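Accompanying notes for the structure given below.
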Amino acid sequence: GAVVSQHPSWVICKSGTSVKIECRSLDFQATTMFWYRQFPKQSLMLMATSNEGSKATYEQGVEKDKFLINHASLTLSTLTVTSAHPEDSSFYICSASWGQEAFFGQGTRLTVV
Amino acid sequence: AQKITQTQPGMFVQEKEAVTLDCTYDTSDPSYGLFWYKQPSSGEMIFLIYQGSYDQQNATEGRYSLNFQKARKSANLVISASQLGDSAMYFCATTNTGFQKLVFGTGTRLLVSP
């Protein structure tokens with residue numbers, strides 16, 4: 065299957081700082097990537113759909129200015145959590161669709177202290 | 405809008421036995437896909453099996469099979485000959501035509517005992 069690489073796998077940052085998470089499709093071109101957030105023992109909630117060369121489409125209730133998404137190329141999408149606060153601590157995971165399947169990155173565990 | 409319902413928060417099964425994880429869905433799209441993913445404690449999402457809404461036969465992938473009943477809008481996952489390594493969270497998900505997004509259920513935690 066196709067490979068999606070997400071980096072970093074975990075990060076600890078101070079409150080008020082920004083954190084960038086990268087999602088790369090390694091062996092295929094992904095015109096569309098998805099960003100999810102998962103709280104402990106809960107399901108994955110779609111945050112936004114990232115489209116190469118255009119603005120991301122955010123789900124209702126997701127703050128566009130806090131969660132900046134950039135899909136600069138067909139293999140890279142980035143999620144930047146700006147001015148992070150402890151309530152932003154969560155597991156963030158990206159995915160890319162290829163054909164009829166969706167492939168996921170390894171996820172990033174963000175802890176804001 | 406699509407919706408996935410997984411009514412079993414947790415399931416227990418003994419090693420080598422079969423187990424069925426329930427999933428019902430609701431969608432207004434005429435064409436859709438149904439997925440099952442496994443999420444171990446490490447957090448990665450592992451693709452298990454896919455069923456297209458127009459597929460005539462139930463999907464199978466090794467020990468995994470999907471019991472697709474379109475009229476009942478159910479897509480249960482059957483794991484045969486359970487192994488200790490099958491202990492994990494299992495998520496059912498659906499997508500619409502054009503794969504615009506995946507919608508996940510709340511998941512079922514499976515525990516396989518020796």
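Going down the list, the protein sequences come from chains A and G.
According to our numbering, numbering within the first sequence proceeds without interruption in unit steps and concludes at 177.
According to our numbering, numbering within the second sequence proceeds without interruption in unit steps and concludes at 518.
For each residue, glycine too, the CB sits at the ideal point set by N, CA and C.
It should be emphasised that the depicted structure is a prediction, and the values quoted were computed from it without experimental measurement.
For residue i, go through chain G and note every residue whose CB falls closer than 8 Å to its CB, in chain order.
i: A:LEU174; result: Correct list: empty, because the minimum Cβ distance to chain G is about 12 Å.
Note down, in chain order, every chain G residue with its Cβ under 7 Å from the Cβ of residue i.
i: A:GLY171; result: GLY447 and GLU448
i: A:PHE168; result: GLU448 and MET449
Give the residues of chain A in contact with residue i, contact being defined as C-beta atoms less than 8 Å apart.
i: G:TYR454; result: GLN164 and GLU165
i: G:THR510; result: GLN106 and SER107
Just grab the DSSP bridge partners of residue i for me.
i: G:GLN473; result: G:SER478
i: A:ASN134; result: A:THR142
i: G:LEU452; result: BP columns for G:LEU452 are empty, so no partner.
i: G:ASN429; result: The question names Asn, yet the displayed sequence has Tyr at residue 429 of chain G. According to DSSP, which records beta bridges pairwise, G:TYR429 is partnered with G:ILE408.
i: A:MET97; result: A:SER114 and A:ALA160
i: G:GLY437; result: G:GLY456 and G:THR499
i: G:GLN443; result: G:MET493
i: A:VAL177; result: Paired residue(s): none; A:VAL177 is not in a bridge.
Examine chain A for any beta-carbon lying closer than 7 Å to the beta-carbon of residue i, and answer yes or no.
i: G:GLY437; result: yes
Under 9 Å Cβ-Cβ, which residues of chain G neighbour residue i?
i: A:ILE157; result: GLY447, GLU448 and MET449
Note down, in chain order, every chain A residue with its Cβ under 9 Å from the Cβ of residue i.
i: G:PHE495; result: SER107 and LEU108
Assign residue i to one of three DSSP states: helix, strand, or coil.
i: G:LEU488; result: helix
i: G:GLU465; result: strand
i: A:GLU151; result: helix
i: G:LEU515; result: strand
i: A:LYS84; result: strand
i: A:SER89; result: strand
i: A:THR172; result: strand
i: A:VAL67; result: coil
i: A:ALA120; result: coil
i: A:VAL126; result: coil
i: G:GLY414; result: strand
i: G:CYS424; result: The residue you asked about is not Cys; residue 424 of chain G is Thr in the sequence shown. If DSSP states are grouped into helix, strand and coil, G:THR424 belongs with the strands.
i: A:GLN106; result: coil
i: G:GLU419; result: coil
Please check if any C-beta of chain D sits within less than 7 Å of the C-beta of residue i.
i: A:THR113; result: Protein chains A and G are contained in the structure displayed, whereas chain D is not.
* Asked: Got a sec: which bits of the segment 95–113 of chain A sit with their beta carbon under 9 Å from any beta carbon on chain G, in order along the chain?
  -> THR96, PHE98, TYR100, GLN102, LYS105, GLN106, SER107, LEU108, MET109, LEU110 and THR113
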